[in-house]
Amino acid sequence: MIRAALDTLEADYRRWGTGDYTVRLPGTHRLVTSCRLRLGTHSVTAEAFVLRRPEENGERLYHLLLRRNATPRGVAFAVDGAGDVYLVGRLPRAAVSVDELDRLLGAVLSCADDNFVAMLEIGFGTSIRREWQWRVARGESLANLAAFASFADPERGPPGAERTDRRSPR
């Protein structure tokens, strides 16, 4: 049932065993989100790793995620014992269809992707800014940090400030 739906959706997935799949969901801010789908006795569970335990501002980050959970989407943010952040969702087994699986995977992707930059700024901002400065000082590429330029590039100034130097990330 899951395999047929994933095939219909032309999803990029790998089957690990009976009723156990990993689906690769390409994003905009986050390159790829891997979502595990497990078929249980009564439901299909979706679980996706979002980010590791924050280095800083953990309480602020977890507060943001709880506020995001207040908007029903079919998935919710969760934290494991180590403080790592996941998205989890469930579908009743009887409700599994191409449309419902597409909706569930879309919810996982949008929650992971839409919140990615904000989560990293709150939980890892200092490290990302330091990495940005290190690369600039050495003339290294900023390409894989470009998504974080809004908060990591000191030349941009505070959000909403007009930038005078229009260099694009290397």
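For the sequence shown, this note's numbering begins at 3 and goes up steadily by one. Built from N, CA and C at the ideal position, the CB exists for glycine as well.
Short Cβ contact (7 Å threshold) for residue i with residue j
i	j	result
A114	V46	no
R62	I124	yes
F118	R26	no
R54	D9	no
A109	G76	yes
L41	G19	no
Range covered by the beta strand (DSSP E) that runs through residue i
i	result
A50	S45 to L53
T35	V34 to L41
G91	V87 to P94
A80	V77 to V81
Contact belief for residue i with residue j at Cβ below 8 Å, rounded distance in angstroms
i	j	result
E58	Y88	Not really, about 20 Å apart at Cβ, beyond 8 Å.
A7	V100	5 Å
R5	T24	Not confirmed; about 13 Å, so no contact.
L106	L93	6 Å
Per-residue burial, residue i [other beta carbons within 10 Å of its own, 16 or more giving buried]
i	result
L103	buried
D155	buried
T30	exposed
G91	buried
M121	buried
V98	buried
P56	buried
L147	buried
L67	buried
R17	exposed
T73	exposed
A96	exposed
A163	Note that A163 has pLDDT 45, beneath the 50 cutoff, so the model's placement of it is unreliable and no number is given.
W136	exposed
A2	Nothing can be reported for residue 2, as the shown portion of the chain is limited to 3 through 172.
Residue i: first and last residue of the uninterrupted alpha helix (DSSP H) it sits in
i	result
T20	It is not in any alpha helix (DSSP H) - T20 carries neither H nor E in the DSSP assignment.
G108	V100 to D116
N71	G60 to N71
F153	A151 to A154
A7	I4 to T10
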